[in-house]
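From first to last, the protein sequence lines stand for chains C and Y. Using the numbering used here, read the first sequence as starting at 464 and increasing by one per residue. Using the numbering used here, read the second sequence as starting at 4 and increasing by one per residue.
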Amino acid sequence: MTGPADPGGVTGLRRFRPAGVRDRNGGHRSTLIALGSTVVVFGLLLAVVLNSPGWPLIQKSFLNATYLADSWPRQLEAIGTNVQLFLMAEVIILPAALLIAVLRSLPGPAFFPVRLLAVLYTDFFRGVPGVLVIFVLGFGMPLLGLPGVPIDAFFWGVVSLVLIYSAYVSEVYRAGIESVHPSQEAAARSLGLSRAQALRHVVLPQAVRRVIPPLLNDFIGLQKDTALVSFIGVAEVFRQAQIDEFASFNFTPYLATAALFLLLTVPLARLTDWLTARSRQRQLGGFAR
Amino acid sequence: MPRSQRTLAVALMLVLAVAACAGATTTPSPSVPASAATSAPNAPTTPPASATPDACARANLKTLTAGRLTIGTDNPAFGPWFAGPAPAKTSTWQYADPNNGAGLEAATAYAIADKLGFARADVVWVVVPFNNVIQPGPKSFDLDLNEVSWSAKRAEQVDLSDGYFDDNQAVVGLKANGIAKVTTVSGLASLRLGTQVGTTSYAYIADNIRPSTKPSVYGSMDAAIAALKAKQIDGVVADLGTAFFMRDVQLSDGVIVGRLPTVGEQERFAAVLNLGSPLTPCVNQAIAALKADGALEQIRQKWIVSTEGDVPELK
Numbered sequence: 464m465t466g467p468a469d470p471g472g473v474t475g476l477r478r479f480r481p482a483g484v485r486d487r488n489g490g491h492r493s494t495l496i497a498l499g500s501t502v503v504v505f506g507l508l509l510a511v512v513l514n515s516p517g518w519p520l521i522q523k524s525f526l527n528a529t530y531l532a533d534s535w536p537r538q539l540e541a542i543g544t545n546v547q548l549f550l551m552a553e554v555i556i557l558p559a560a561l562l563i564a565v566l567r568s569l570p571g572p573a574f575f576p577v578r579l580l581a582v583l584y585t586d587f588f589r590g591v592p593g594v595l596v597i598f599v600l601g602f603g604m605p606l607l608g609l610p611g612v613p614i615d616a617f618f619w620g621v622v623s624l625v626l627i628y629s630a631y632v633s634e635v636y637r638a639g640i641e642s643v644h645p646s647q648e649a650a651a652r653s654l655g656l657s658r659a660q661a662l663r664h665v666v667l668p669q670a671v672r673r674v675i676p677p678l679l680n681d682f683i684g685l686q687k688d689t690a691l692v693s694f695i696g697v698a699e700v701f702r703q704a705q706i707d708e709f710a711s712f713n714f715t716p717y718l719a720t721a722a723l724f725l726l727l728t729v730p731l732a733r734l735t736d737w738l739t740a741r742s743r744q745r746q747l748g749g750f751a752r
Numbered sequence: 004m005p006r007s008q009r010t011l012a013v014a015l016m017l018v019l020a021v022a023a024c025a026g027a028t029t030t031p032s033p034s035v036p037a038s039a040a041t042s043a044p045n046a047p048t049t050p051p052a053s054a055t056p057d058a059c060a061r062a063n064l065k066t067l068t069a070g071r072l073t074i075g076t077d078n079p080a081f082g083p084w085f086a087g088p089a090p091a092k093t094s095t096w097q098y099a100d101p102n103n104g105a106g107l108e109a110a111t112a113y114a115i116a117d118k119l120g121f122a123r124a125d126v127v128w129v130v131v132p133f134n135n136v137i138q139p140g141p142k143s144f145d146l147d148l149n150e151v152s153w154s155a156k157r158a159e160q161v162d163l164s165d166g167y168f169d170d171n172q173a174v175v176g177l178k179a180n181g182i183a184k185v186t187t188v189s190g191l192a193s194l195r196l197g198t199q200v201g202t203t204s205y206a207y208i209a210d211n212i213r214p215s216t217k218p219s220v221y222g223s224m225d226a227a228i229a230a231l232k233a234k235q236i237d238g239v240v241a242d243l244g245t246a247f248f249m250r251d252v253q254l255s256d257g258v259i260v261g262r263l264p265t266v267g268e269q270e271r272f273a274a275v276l277n278l279g280s281p282l283t284p285c286v287n288q289a290i291a292a293l294k295a296d297g298a299l300e301q302i303r304q305k306w307i308v309s310t311e312g313d314v315p316e317l318k
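The structure is reproduced here in structure tokens:
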């Protein structure tokens, strides 16, 4: 990689180039090309947007600093509810979904009813729109009037999110488990490990490591779907933005909500990228590229 | 030197972005772009409406469709704003069809149309979800009657006509609950209240009742009613007309605890028009005429007082 110039011509801005390795001839030029094309592309995009006839209207309705400053503190408070919702849910989802995935992978005819239940569960909660689950549980369960059944909307919000996302996440785990070659388990069994021990010490560690990126996908999805819990009256950030929007007929508060969600999800995505890259490097013994 | 070049690239893009923003603030705004969009391509080629009384003559009115007055409201349209026999199953309208002119808003709409010179047959009703009424940009209606309360902030985004109905907020609860015995506004402060997002009812709770428990805010009044039934809240705050509907239709054991006293400006329903619509002064003229000749009060007596009865005001 140290010799010839990269024909792709974007090496100057390439992200994963190892330190100390650079193109002797093409580096300078390709950087300039990348820079130039970026300026042209973004410049054109901005020019089109800024010169569109409705731009002043957009600016007034969506990018209004006054309304942003007004809404921001309330939203900052409200997003605390979202954080509580997804943290509580995720803590339950991760082990619950793993259990469902393991149950679904149990071999043998005796476990058929267990596998069937696991399949029915995932099919149902992946297939039904989340809002419906939240509505039915949030407004329906308290109507039962059973002693000991909570009526709190927040509680049913967490329960709904756990039910919905455990279905998705269990499928992610299952994909991970099935991606581990059967010879791994066979080898473990031949060393005298029981089926459970093989699962615990050989299969699952490999399976879980492989599915960390899709697990993060679902975690981010969960974070955003906390907004659905507003349907049953939980005071979370999207509802707060809506309250502020309706009070002013200005849409800028939604922009603040978008920014808050990005502040939550983007650092998490970068952290996971980094963790994944590090674990791959360790697995490959430093020869990773 | 890739690192320094990358820094350079980032710096350049920042400069570009700042320049773009600066350009944005100096871009001259076209004069009321929204109003231009309301004139349909087949509108009659009349000179633009001026401040002369003639501007409100029917021939000079620039409506969405020439010769027709398009009026919006949400579906389901319900009483006492829209009444009459249940529409056919095939109808777009669920509880009531605005086309029969029954109910306070339907009657008011036809009265306004009449003052503007439109015959009953020239009035076209369109379904406009409540949320879309307030969206910026071109509208699918000439005017919209949807129990929209007048507010100064709203008036910055859309045109709001003068009021055609004076409204009060009211509290709905279940007969069996403690809230049914409340007679004062301060008596509500210790209770769990809920309402629909974006309503003046929410503003009333937040500004005037100031409950010790944060009010629960729902996407619709129906959800608030569901929460009331689930005992997640003690009372729903809504305007009086909606409160009648909740008590009479949505709840089997509901009660209107009372009307809430007006604080500050009298709450009133206003017709919504596109921002800067040339129709707005004409609609206001029509409403003023309807007030002067007592027609609005007649409509109120017929569709509110005589059908819904009286409700005590909370102290």
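Each residue gets a CB set at the ideal place from its N, CA and C atoms; glycine is no exception.
| Item | Value |
| --- | --- |
| Proximity of residue 105 of chain Y and residue 99 of chain Y at Cβ, strictly below 9 Å | yes |
| Chain-order list of residues whose beta-carbon lies under 6 Å from that of residue 740 of chain C (same chain, five-residue window excluded) | none |
| Beta-bridge partners of residue 126 of chain Y, as assigned by DSSP | Y/72 |
| Of the listed residues C/549, C/591, C/493, nearest to residue 622 of chain C (C-alpha basis) | C/549 |
| Reduced DSSP secondary structure (H/G/I, E/B, other) of residue 715 of chain C | helix |
| Residue 510 of chain C, enclosing alpha helix (DSSP H) - first and last residue | 490 to 513 |
| Residue range of the unbroken beta strand (DSSP E) whose run includes residue 542 of chain C | Note, residue 542 of chain C: premise wrong, no beta strand (DSSP E); alpha helix (DSSP H) at 528 to 568. |
| Secondary structure of residue 617 of chain C, DSSP reduced to three states | helix |
| Residue 299 of chain Y, buried or exposed, once every other Cβ within 10 Å from all chains shown has been counted against 16 | buried |
| Cutoff 7 Å; reference residue 702 of chain C; Cβ partners in own chain excluding five residues on either side | 693 |
| Three-way DSSP call (helix, strand, coil) for residue 658 of chain C in this model | helix |
| Residue from Y/190, Y/93, Y/83 whose Cα sits closest to the Cα of residue 318 of chain Y | Y/190 |
| Coil, strand or helix - residue 195 of chain Y by DSSP | coil |
| Three CB pairs or more closer than 8 Å across the region 267 to 283 of chain Y and the region 149 to 163 of chain Y | yes |
| Residues within the region 712 to 726 of chain C neighbouring chain Y, beta-carbon criterion of under 8 Å | 712, 713, 714 |
| Coil, strand or helix - residue 235 of chain Y by DSSP | coil |
| Segment contact flag, the region 70 to 87 of chain Y with the region 103 to 123 of chain Y, C-beta cutoff 8 Å, min 3 pairs | yes |
| Beta-ladder partner(s) of residue 316 of chain Y, from DSSP | Y/262 |
| Contacting residues, own chain, Cβ-Cβ under 7 Å from residue 639 of chain C (five flanking each side not counted) | 670, 671, 673, 674 |
| Among C/564, C/613, C/614, the one whose alpha carbon lies nearest that of residue 629 of chain C | C/564 |
| Chain-ordered residues of the region 690 to 714 of chain C with a beta carbon less than 9 Å from chain Y | 693, 694, 695, 696, 697, 698, 702, 703, 705, 706, 708, 709, 710, 711, 712, 713, 714 |
| Residue 164 of chain Y, enclosing beta strand (DSSP E) - first and last residue | 162 to 169 |
| Closest residue to residue 722 of chain C among C/531, C/680, C/652, C/608 (Cα-Cα distance) | C/531 |
| Within-9 Å CB hit, residue 86 of chain Y to chain C | no |
| Reduced DSSP category for residue 131 of chain Y - H, G, I as helix; E, B as strand; rest coil | coil |
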